[in-house]
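Report on the structure given below.
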Amino acid sequence: MPVYETKSRPAGLSRRKAMMAMSAGVAALAMPRLGRAADDTIRIGFPTPLTGPFAAEARDQVKCAELAVKLVNDKGGIGGRKVELLVRDDKLNAGEAATRTLELIEKDKVHAVVGALSSAVQLAVNEVTRARGVIYVSISQSDTINEVKDFSKFTFHEALNPHMTTAAVARQTLKKGMKVAHLVADYAYGHEMLRGFKRAQASIGAESVGEILHPFGAADYSTFMPRLMSMRPDVLCISNFGRDQANAIKQAVDFGIKQQMKIVVPVILHNQRLAVGADVFEGVVGGANYYWGLETQNKTAAEFNKAFRTANGGAIPTDYGAYGYSGVGSLLQAMQVAGGTDTEKVVAALEGLQYDLTKGPQHYRKCDHQSVQSVLVLESKKKSAMANENDLFAIVANDPGADEMLRSCSELGHAT
Amino acid sequence: MDLSLIIMQLFSGIALAAVLVITALGLTIVFGMLGVVNFAHGALFMIGAYAGLYLASLTGSFWWGLLLAPVLVGAFGMLIEFVLVRRLYGRSIDDPLLLTFGLSYILVEGVRIVFGSDGIPFPTPPQLIGVVDLGVGFFPKYRLFVIALVAVVLLVLWLMLERTRVGLIVRAGARDPQIMRVLGVDIGKVWLAIFGLGVGLAALGGVLAGPMRSVNPEMGTLVLAEAFVVTVIGGLGSIVGAVVAGLMVGICISMVALFAPEMATIVMFALMAAVLLVRPQGLFGLKGRA
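Listed in order, the protein sequences are those of chains A and B.
Here the first sequence is numbered in this note's numbering, starting from -8 and rising by one per residue.
Here the second sequence is numbered in this note's numbering, starting from 7 and rising by one per residue.
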């Protein structure tokens, strides 16, 4: 490493000479990068919030994305070309994500981008990839990029969307005539989930008794509890994400809310359940893209778990981790089909792809590139019912993927 | 709007204020006496929560954690004063500010390395699980306990500052350290103790907040902002100010949550702006200090 040499420079060396040595060092460092861009490695950019409140989820995504790449490389790569994953920290910040993505495309010459966790970051990444004609597979659970305004033929959405999860959860928890209250994070994700729940509610015949919007990232929810209790609902839907979910449920339980009503969330988070414990989450029902316990009833899940355990010292993959695997995995499969990285061919291959990586058959819908997939509904187990420390949830339902689960193409503004 | 709901909301607000007051008090004491704006206060709040949780799991009892964490973290605060902050007395106010700002990053990253960046559950002590019927609604026992404990701590602090010789020295030292030196008081020791007390209060706030929120490395960030708002409203360096402003902010957040929940975070900044317009030195601040 040439840069380190400047540390041991003799005392008599002039500043100018030192500067020259340094710039030579920098140039030498930059060279392999240029060289690398010319070789035939397939490079996948992977922006994800490695620092910040969603760091736990992001790290799981990276582990699984690396696994997907490793499995392909172990089998000789794609048409003899090795695959490389370039992970970047988007810091959960749209500006940062846009800069990193631009760097990935311009400097690192990536062939495609997968990743992003938050809805705003996903939009920023999509903005950059769309303008440069690079394929982007989003694994954020918000689906605004599927709407015609932000969509492009290079845009794919592998994650579940709010409409799918809320509908599946509502089907299991709401009945005709029930009263429902909502506690919602006041930003895109929360609003999308609320919209989904209200639509499902209307079709089931349940009634809304009130909505409370809370500021994103709030630490205290106690001030909302008396009012929620005074609404006397049968079900409380808490639509927020990450630590907000853990804090809101914890404080609702402190106020004795669970004795009065059932708590339901659009997406029940593996890491947040771990963060606040079994007693707090006991009986909470929510949707999920993946749960490792699926392995007893699904062969693909068993294989995915096995591969992950082997690569990670016996640990199990989490919900968000699985997105990293299926997001990168589906893209690599399409590249196999396309026989390389030609963007047009890979887009066509993704559109025609039937893949089964973590939990059963999935495919990208033609009009908006949303992945049609199964939705799990999970209920958090009580401590005494847990067989081991990973036995967090019971699978209440496993709705197989179908086009009818999604909002129609015309509703999203696409030509049909 | 139903009266019982407003009373419930008042209780939520006071419980919220309790943690705010304790945390802001530590910040304001250190500023008032030492002239140090401690930007690591939020991180030390977080360290307090982790220390409380660790000690509770070690001893098997929440109460040992509650007792020992503020003492140990307070001692750690004294070490920070002795090794780092002390060297910057008499220099521009920005220097200790930058020092503690950097320190907060080191503390947060250190906790991430030792305990991981995921949250850890902090169970409510078994004696305080459940709710109490207040006649107007049910309120968590633990939050009532927090209100009571903070009231006791405030009383003890007040007696100490107003009724003891140590308190007299502390108050005099804040006014004019040079005269204190002339009178033969080792003001360095007083400052050491004050810094330790301030940090200990942050840690106490952290332990108390632990069972109400999940414990994670970033939990101090928001708290620091809130504590600053409270000290600014109350007047930098004013102890009474911190208590009154803490209560005002807590109750204000709580009442606004009832009528316009999405404004609950903004309201404290609005309150701060309004107070500063009328009294730039804060409610109880001395002129020329702020």
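Beta carbons are placed, not taken as given, at the ideal position from N, Cα and C, and that holds for glycine.
Measure the alpha-carbon distance for residue i versus residue j and round it to whole angstroms.
i        : j        : result
B:Leu11  : B:Val142 : 7 Å
B:Met2   : B:Gly202 : Since the first and last residues shown for chain B are 7 and 296, residue 2 of chain B lies out of range.
B:Leu50  : A:Asp245 : 25 Å
A:Ala161 : A:Ala191 : 6 Å
A:Ala237 : B:Gln184 : 51 Å
A:Leu62  : A:Ala385 : 30 Å
B:Val138 : A:Ala243 : 15 Å
A:Glu286 : A:Tyr316 : 16 Å
B:Leu230 : B:His47  : 6 Å
A:Phe188 : B:Ala154 : 40 Å
B:Leu78  : B:Tyr56  : 12 Å
A:Gln52  : A:Tyr355 : 20 Å
B:Ala23  : B:Leu16  : 10 Å
A:Ala408 : B:Leu292 : Nothing about residue 408 of chain A can be read from this structure; chain A reaches only from -8 to 407.
B:Arg219 : B:Leu73  : 19 Å
B:Pro127 : A:Val267 : 4 Å
B:Gly243 : B:Glu224 : 26 Å
B:Gly122 : A:Ile307 : 17 Å
A:Leu408 : A:Thr146 : Outside the shown range of chain A (-8 to 407) lies residue 408 of chain A, about which nothing can therefore be said.
A:Gly124 : A:Asp359 : 16 Å
B:Ala178 : B:Val249 : 21 Å
B:Gly240 : B:Asp100 : 22 Å
A:Ala325 : A:Asn117 : 19 Å
B:Ile119 : A:Leu83  : 20 Å
B:Gly206 : B:Arg171 : 21 Å
B:Asn44  : A:Leu341 : 54 Å
A:Gly68  : A:Ala103 : 16 Å
Going along chain B, which residues have a C-beta under 8 Å from residue i?
i        : result
A:Val267 : Gly125, Pro127, Ser220
A:Lys241 : Met218, Arg219, Ser220
A:Ala197 : Within 8 Å Cβ-Cβ: nothing; A:Ala197 doesn't reach chain B, min ~22 Å.
When we look at the beta-carbon of residue i and count the other beta-carbons within 10 Å, is it buried (16 or more) or exposed?
i        : result
A:Lys98  : exposed
B:Gly58  : buried
B:Trp69  : exposed
B:Glu232 : buried
A:Pro257 : buried
A:Ile126 : buried
B:Gly38  : buried
B:Phe275 : exposed
B:Tyr111 : exposed
A:Glu402 : exposed
B:Val158 : exposed
A:Leu367 : buried
A:Thr332 : buried
B:Met166 : exposed
A:Gly330 : exposed
A:Asn231 : buried
What in chain B is Cβ-close to residue i, meaning under 7 Å?
i        : result
A:Pro206 : Glu268, Ala270, Thr271
A:Pro44  : Glu224
A:Ile203 : Pro267
A:Ala47  : Ser123, Asp124
Would you say residue i touches the ligand ATP, meaning its beta carbon is less than 8 Å from a heavy atom?
i        : result
B:Gly122 : Absent from the structure shown: the ligand ATP. Ligands present: none.
Note down, in chain order, every chain A residue with its Cβ under 9 Å from the Cβ of residue i.
i       : result
B:Met14 : Met216, Pro217, Arg218, Met220, Ser221
B:Asp8  : Ser221
B:Arg22 : One detail in the question is off: residue 22 of chain B reads as Leu in this sequence, not Arg. By Cβ distance, chain A contributes Asp211, Ser213, Thr214.
Which residues in chain B have a C-beta closer than 9 Å to the C-beta of residue i? List them in chain order.
i        : result
A:Phe232 : The contacting residues do not exist; A:Phe232 stays about 14 Å from chain B at best.
A:Asp177 : Pro267, Glu268
Cβ closer than 8 Å: which chain A residues qualify as neighbours of residue i?
i       : result
B:Gly19 : Thr214
B:Leu11 : Pro217, Arg218, Ser221
Which chain A residues sit within Cβ distance under 7 Å of residue i?
i        : result
B:Ser260 : Thr214
B:Leu264 : Arg218
B:Leu228 : Ala210
Kindly say whether residue i, judged by its beta-carbon, lies nearer than 9 Å to any beta-carbon of chain E.
i       : result
A:Val53 : In summary, chain E is missing from the structure at hand, where the protein chains are A and B.
Looking at C-beta atoms only, is the number of pairs between the region 251 to 271 of chain A and the region 289 to 301 of chain A that lie closer than 8 Å three or more? no
Taking contact to mean 3 or more Cβ pairs, one atom from each stretch, closer than 8 Å, check whether the region 386 to 394 of chain A and the region 357 to 369 of chain A are in contact. yes
Report the residues of the region 56 to 87 of chain B with a CB closer than 8 Å to any CB of chain A, ordered along the chain. none
Do the region 130 to 144 of chain A and the region 108 to 115 of chain A make contact, defined as three or more Cβ pairs closer than 8 Å? yes
Can you list, in chain order, the residues of the region 138 to 152 of chain B whose Cβ is nearer than 8 Å to any Cβ on chain A? Gly143, Phe144, Phe145, Pro146, Tyr148, Arg149
Are the region 170 to 186 of chain A and the region 139 to 157 of chain A in contact at 8 Å, needing three or more beta carbon pairs? yes
Output needed in chain order: residues of the region 235 to 261 of chain A with a Cβ under 8 Å from some Cβ in chain B. Ala237, Asn238, Lys241, Gln242, Asp245, Phe246, Gly247
With three or more C-beta pairs closer than 8 Å as the rule, is the region 215 to 233 of chain A touching the region 193 to 201 of chain A? yes
With a threshold of 8 Å, are at least 3 pairs of Cβ atoms found where one atom belongs to the region 248 to 262 of chain A and the other to the region 155 to 175 of chain A? yes
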